[in-house]
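Trainee: This is the structure, below, for whatever I ask next.
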Amino acid sequence: MSGVVNLLEFDLDGLAAFCEQLGEKRFRATQLFRWIHQKGASDFAQMSDLAKSLRDKLAGAAEVRPLAVASEQASSDGTIKWLFDVGGGNAVETVFIPEDDRGTLCVSSQAGCAVGCRFCSTGHQGFSRNLSTGEIVAQLWFAEHHLRRRLNLPDGERAITNVVMMGMGEPLQNYAALLPALRVMLDDHGYGLSRRRVTVSTSGVVPMIDRLRDDCPVALAVSLHAPNDPLRDDLVPLNRKYGIAELLAACNRYLDRAPRDFITFEYCMLDGVNDAPEQARELIALVRHKVPCKFNLIPFNPFPESGLKRSPRERVMAFARVLQDAGVITTVRKTRGDDIDAACGQLAGEVQDRTRVKARIATRSPIRIHRQGDAQDKQDNAGTRQETNA
Ligand code: SF4
């Protein structure tokens, strides 16, 4: 690793501290920050309003280090997916999803993921390492300025209006790098995104939900995927550590400071596993009058190792109707970029798994389905009834 400092690693306070070491005042750091993030500049010689002496100092000591683009795929619906090489045989994905009124960038926080959710391609690859702040920010920096040029946007118009930390990795298990990256996204001298337009999606790392609330309360999405603990233990192994009741309590604490007055619950629809109407009713009992929320039902993107299937469309719509009829706001996510495998983790292939995640997943038993009405559940919450394996 070179001794040259990557300026993408810094939020504005960090850059000011770095500039101070060079004998420069904070307003110089602000100018530099704007050049990098607002104008997409990486060549200090271009930064015409910076003092020549500062440009000379930067030229030897610092750089704006982009990620290497390994591949780019563009879908017929406008979705673009980049695969970035982050070294050591690892790659991470970033996806741009254009819609009429917004452009959303789905950003990765880790190479692989240690949580190991059943339905997630990334989770099946295991975990290699956390991305640094600079590697998280570089995804946005590249996408924003690349898209401005590609879409020929007029000066001052942004390509990316929303960021979701929903790519590869569990962002709250990489909190130290995530926090400065969020600050870069929100900073008026950086990308100037409002807290409502930046979403952190978590599988439920309860203590870090509390930290995020205190440090940088952006919009929060929670990967719920099951209406009860036994099924969620199977689908999202982190649930064994932080169960649903504890998670929902953390969601309520988060809402004290959140920029939105609801939590988004993500729910991946798995055929015959979590998509029955009675499971929708179980969800209603779980959240109604307890957690202000909306549900986002996500069509599952099948991959061979999962052994799972996508719920048929009519089953998804029936599930949505049960929730909606009970007054729970529910949307069904449109599938985007189907022609380019735009779901996260589907391009990256094998990461260099430095954990035992893959081994753990390989030894799992078939999914057991747990529903509220099961006789044994009534006697003993740990008891379960085995049904079809999807
Ligand atoms: S869904 Fe998220 S938390 Fe779960 S394995 Fe995939 S990347 Fe990790």
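End of the sequence shown = 393 in our numbering, gap-free, step of one. Built from N, CA and C at the ideal position, the CB exists for glycine as well.
Can you name the start and end residues of the alpha helix (DSSP H) that S124 belongs to?
Mentor: S124 to Q128
Trainee: Below 7 Å between beta carbons: does that hold for S124 and N93?
Mentor: No, these two residues do not count as a Cβ contact at 7 Å.
Trainee: Quick check on C116: does DSSP put it in helix, strand or coil?
Mentor: coil
Trainee: Determine the contact status of L108 and F99, defining contact as a CB-CB distance below 7 Å.
Mentor: Yes; because the gap between Cβ atoms is below 7 Å, this pair is in contact.
Trainee: Using DSSP's beta-bridge definition, name the partner residues of A141.
Mentor: When DSSP reads this structure, A141 sits in no beta bridge, so it has no partner.
Trainee: Rounded to the nearest angstrom, what separates A179 and S135 at their Cα positions?
Mentor: 9 Å
Trainee: Measure the beta-carbon distance from A253 to A222 and round it to whole angstroms, keeping in mind my assumption that it falls under 8 Å.
Mentor: 15 Å between Cβ atoms; not a contact.
Trainee: Taking the continuous beta strand (DSSP E) assigned at P302, which residues delimit it?
Mentor: First-last of the beta strand (DSSP E) with P302: C296 to P302.
Trainee: Once the 5 residues before and after P220 are set aside, which same chain residues still bring their CB inside 6 Å of it?
Mentor: R260 and A261
Trainee: Flag E173 as yes when its Cβ comes closer than 6 Å to any non-hydrogen atom of the ligand SF4, and as no otherwise.
Mentor: Indeed, a heavy atom of the ligand SF4 lies less than 6 Å from the Cβ.
Trainee: Cβ atoms of V8 and A65: under 7 Å apart, would you say?
Mentor: Yes, these two residues count as a Cβ contact at 7 Å.
Trainee: Taking C-beta to C-beta, are A224 and N277 nearer than 7 Å?
Mentor: Going by C-beta atoms, A224 is not nearer than 7 Å to N277.
Trainee: Let me confirm a value: S197 is counted as buried when at least 16 other C-beta atoms fall within 10 Å, else exposed. Which label applies?
Mentor: Here S197 is exposed. Its C-beta has fewer than 16 other C-beta atoms within 10 Å.
Trainee: What residues are listed by DSSP as bridge partners for K84?
Mentor: Q76 and V98
Trainee: For the ligand SF4, any of its heavy atoms closer than 6 Å to the Cβ of F166?
Mentor: Note that residue 166 is Val in the sequence shown here, rather than Phe. V166 Cβ: outside cutoff for every heavy atom of the ligand SF4.
Trainee: Can you tell me which residues form a DSSP beta bridge with I266?
Mentor: C296
Trainee: Out of curiosity, what's the CA-to-CA distance linking E23 and L35?
Mentor: 13 Å
Trainee: Sorry if obvious, but does the Cβ on S314 come closer than 6 Å to a heavy atom of the ligand SF4?
Mentor: no
Trainee: Can you find the residues in the same chain that come closer than 6 Å, C-beta to C-beta, to M4, ignoring five residues on each side of it along the sequence?
Mentor: In this predicted model, M4 has a pLDDT of only 49, less than 50, meaning its place in the structure is not dependable enough to derive any value.
Trainee: Would the beta-carbon of T1 fall within 7 Å of that of L175?
Mentor: This structure leaves residue 1 out entirely; the chain is present only between 4 and 393.
Trainee: Please classify I163: does DSSP put it in a helix, a strand, or coil?
Mentor: Here I163 sits in coil by DSSP.
Trainee: Less than 6 Å between the CB of C296 and some heavy atom of the ligand SF4, yes or no?
Mentor: no
Trainee: Return the Cβ separation of G207 and N231 in integer angstroms, given the expectation that the two are a contact with Cβ distance under 8 Å.
Mentor: Their Cβ separation, rounded to whole angstroms, is 14 Å, which puts G207 and N231 out of contact at 8 Å.
Trainee: Looking only at its own chain, which residues have a Cβ that is under 7 Å from the Cβ of A184, when we skip the five neighbours before and after it?
Mentor: Excluding residues up to 5 positions away in sequence, T136, I139 and V140 lie with their Cβ nearer than 7 Å to the Cβ of A184 in the same chain.
Trainee: Does the segment 313-325 come close enough to the segment 271-291 that 3 or more CB-CB pairs lie under 8 Å?
Mentor: yes
Trainee: Which partner residues of T107 appear in the DSSP bridge assignment?
Mentor: I100 and N165
Trainee: Among N177, W144 and A146, whose alpha-carbon lies nearest the alpha-carbon of S112?
Mentor: Considering only alpha carbons, the answer is N177.
Trainee: Would the C-beta of G81 count as close to the ligand SF4, meaning under 6 Å from any of its heavy atoms?
Mentor: no
Trainee: Between which two residues does the alpha helix (DSSP H) holding T33 run?
Mentor: R29 to H40
Trainee: Answer with buried or exposed for D264, where buried requires no fewer than 16 other C-beta atoms within 10 angstroms of its C-beta.
Mentor: exposed
Trainee: Going by CA-CA distance only, name the one from V325, D59, R367 and K297 that's closest to T334.
Mentor: K297
Trainee: By how many angstroms is the C-alpha of G170 removed from the C-alpha of M188?
Mentor: 16 Å
Trainee: What are the complete alpha helix (DSSP H) segments, minimum 4 residues, inside the segment 172-202?
Mentor: 178-189
Trainee: Go through its chain and collect everything with a Cβ distance to E12's Cβ below 7 Å, but skip five positions before and after it.
Mentor: The residues are S135, T136 and G137.
Trainee: Look up N93 in the DSSP assignment and say whether it is helix, strand or coil.
Mentor: strand
Trainee: Would you mind working out which of E249, M320 and K55 sits nearest E27, comparing C-alpha positions?
Mentor: K55
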